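J.: Quick note: the sequence shown uses UniProt numbering, first residue 1, plus one each step. Note that the Cβ used here is the ideal one computed from N, Cα and C, for glycine as well. Since this is a predicted model, take the numbers as computed values, not measurements.
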Amino acid sequence: QSAIRPRHQQEIAIQKDHKSIYEKVRSHLNEHYFVPMTATTLKQYSSQLLHDLNLSYFSPLSYNDQTMALKQAKKVVSIQRKIKKHHLILRVTDKGYNFYIGTEKEFDKKAQNFFQDTNAFIELKENPFNKIQDNVIHLLNQIRAKNFIFQWQCNKMMPNRIKCQLAHLYFNPKTHKDGIPVRPIENTINAPTTNVSNYLDEIIRPIFDKECQNTTIIDGTSLIQALHQYMRKGLFKSTTLFCTFDIRNLYTMLPQEEALDILVEFLHVHGYTKVKGIPLETIRLLA
1 QSAIRPRHQQ
11 EIAIQKDHKS
21 IYEKVRSHLN
31 EHYFVPMTAT
41 TLKQYSSQLL
51 HDLNLSYFSP
61 LSYNDQTMAL
71 KQAKKVVSIQ
81 RKIKKHHLIL
91 RVTDKGYNFY
101 IGTEKEFDKK
111 AQNFFQDTNA
121 FIELKENPFN
131 KIQDNVIHLL
141 NQIRAKNFIF
151 QWQCNKMMPN
161 RIKCQLAHLY
171 FNPKTHKDGI
181 PVRPIENTIN
191 APTTNVSNYL
201 DEIIRPIFDK
211 ECQNTTIIDG
221 TSLIQALHQY
231 MRKGLFKSTT
241 LFCTFDIRNL
251 YTMLPQEEAL
261 DILVEFLHVH
271 GYTKVKGIPL
281 ETIRLLA
């Protein structure tokens, strides 16, 4: 960075990194360990973090490192020019650490094939952002007025008017699949509904993890543990068959209303009429 970027650009990057890291650490310590936002320790951490970032960005590079950085920067510019000239698309692949390169026309065709296969999306003719944000705010205020949620819960789920953006869709190519189809990625990180979604996940996920731990496999380690239990019960035999399933477009094909019914039923079956004080029907509305 020191070799190819002007100092003022690096200073801007330092401030951005510092703000992002510090706010995350401060919020985490306050929320989970009740460290006051104005604690002296946090001020000391902020100063040390800024000092370390300055060292990282402005430490002098060796001649070889500077030369290598400049060569790589020139390669990047050359690639950018070729992509623009030949109307190409460069994308990170799905479930991989490599890149896919193809024509804009070819990639657009893959996206259109996805739309036709799923019927899960429609093209918007106008920007619905204000309407979505207003609906979320109105719903939260409405259920708060009826005392279905606490004020602090309402504040936590309320969208940030400054940071909110309209969610958007993009695709990553699945190079491990025949024909290289695309996987839809919905960027909702700053959507008006994100705070609601994050809070519901925060209060419901632990319940699911607790009640379904015997039937849930999350990684290779839990699979091995489940197989060991299976063997101890005498169920693992030479005739045991392993089956794998490849479900296409699962996320976009799930029926929303049915999924909400299943969620409410799941909580009810396990003895919940409320979660963190929120009635199940209110959870359905928020979800």
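(1) If you count every other CB in all the chains shown that lies within 10 Å of the CB of Q213, and 16 or more means buried, which is it?
(2) Under 8 Å by Cβ, that's how I've got N172 and D94 pegged, so tell me the actual separation to the nearest angstrom.
(3) Using beta-carbon positions only, say whether F129 and F121 come within less than 8 Å of one another.
(4) Roughly how many whole angstroms lie between the Cα atoms of T193 and Q133?
(5) Report the CB separation of I149 from T282 in whole angstroms; it is logged as a contact under 8 Å.
(6) Can you list, in chain order, the residues of its chain whose CB lies under 8 Å from that of G277, leaving out five sequence neighbours each side?
(7) For the pair the stretch 79-89 and the stretch 31-49, tell me if three or more CB-CB distances fall below 8 Å.
(8) From G96 to K110, what does the alpha carbon distance come to, in whole angstroms?
(9) For R284, report the span of its alpha helix (DSSP H) as first-last.
(10) Output needed for Y199: all residues of its chain with C-beta closer than 8 Å, excluding positions within five of it in sequence on either side, in chain order.
(11) Do L50 and H18 have their C-beta atoms closer together than 8 Å?
(12) Can you tell which of A191, R284, D178 and P206 has the C-alpha that lies nearest to the C-alpha of D246?
(13) Expressed to the nearest angstrom, what Euclidean distance is found between the alpha-carbon atoms of I4 and D65?
(14) I think L254 touches A287, with their Cβ atoms under 8 Å apart; what is that distance to the nearest whole Å?
(15) Quick check: the Cα distance between N166 and S222, rounded to an integer number of angstroms?
(16) Between which two residues does the alpha helix (DSSP H) harbouring F208 extend?
(17) For the pair the stretch 258-272 and the stretch 201-216, tell me if three or more CB-CB distances fall below 8 Å.
(18) Applying the 10 Å Cβ sphere with the 16-neighbour rule, what's the burial state of A145?
(19) Might you give, ordered along the chain, the residues of its own chain that have their beta carbon closer than 6 Å to the beta carbon of N203, omitting 5 neighbours on each side?
(20) Using alpha carbons as the reference points, say which of N147, K16, I89 and E11 lies closest to F99.
(21) Shorter than 7 Å, the distance from the beta carbon of K19 to the closest heavy atom of the ligand GTP, or not?
(22) Could you have a look at V35 and say whether DSSP puts it in helix, strand or coil?
(23) Expressed to the nearest angstrom, what Euclidean distance is found between the alpha-carbon atoms of Q112 and L169?
T.: Well, looking at it:
(1) A residue is called buried once 16 or more other Cβ atoms fall within 10 Å of its Cβ, and Q213, having fewer, is exposed.
(2) In this structure, N172 and D94 form a Cβ contact; the two beta carbons are roughly 4 Å apart against a cut-off of 8 Å.
(3) Not in contact: F129 and F121 (Cβ atoms no closer than 8 Å).
(4) The straight-line gap from Cα to Cα measures roughly 8 Å.
(5) Indeed they touch by this definition, with Cβ atoms about 7 Å apart.
(6) Closer than 8 Å at Cβ, skipping near neighbours: I149, F150 and Q153.
(7) Contact between the stretch 79-89 and the stretch 31-49 is absent, because fewer than three Cβ pairs lie under 8 Å.
(8) Separation of G96 and K110 (C-alpha to C-alpha, rounded to the nearest whole angstrom) is 19 Å.
(9) In this chain, the alpha helix (DSSP H) harbouring R284 covers L280 to L286.
(10) Closer than 8 Å at Cβ, skipping near neighbours: Q153, K156 and M157.
(11) Judged by beta-carbon spacing, H18 lies within the 8 Å limit of L50, meaning their Cβ atoms are closer than that value.
(12) Ranking the options by Cα distance to D246, first place goes to D178.
(13) When rounded, the distance between both Cα atoms is 11 Å.
(14) Incorrect: roughly 13 Å between the Cβ atoms, too far for contact.
(15) In the sequence as presented, Asn is not what sits at residue 166; that position holds Leu. L166 and S222 have their alpha carbons spaced roughly 37 Å apart.
(16) Taken as a continuous stretch (DSSP letters only), the alpha helix (DSSP H) holding F208 covers T194 to E211.
(17) In this structure the stretch 258-272 lies against the stretch 201-216, because at least three pairs of beta carbons, one per stretch, are closer than 8 Å.
(18) It counts as exposed.
(19) Position check: residue 203 holds Ile in this sequence, whereas Asn was assumed. Counting only Cβ-Cβ distances below 6 Å, and skipping sequence neighbours, we find V275 and K276.
(20) Taking only the C-alpha atoms, the option nearest F99 is I89.
(21) You won't find the ligand GTP in this model; it holds no ligand whatsoever.
(22) V35 falls in the coil class under three-state DSSP.
(23) Rounded to whole angstroms, Q112 to L169 spans 13 Å at the Cα level.
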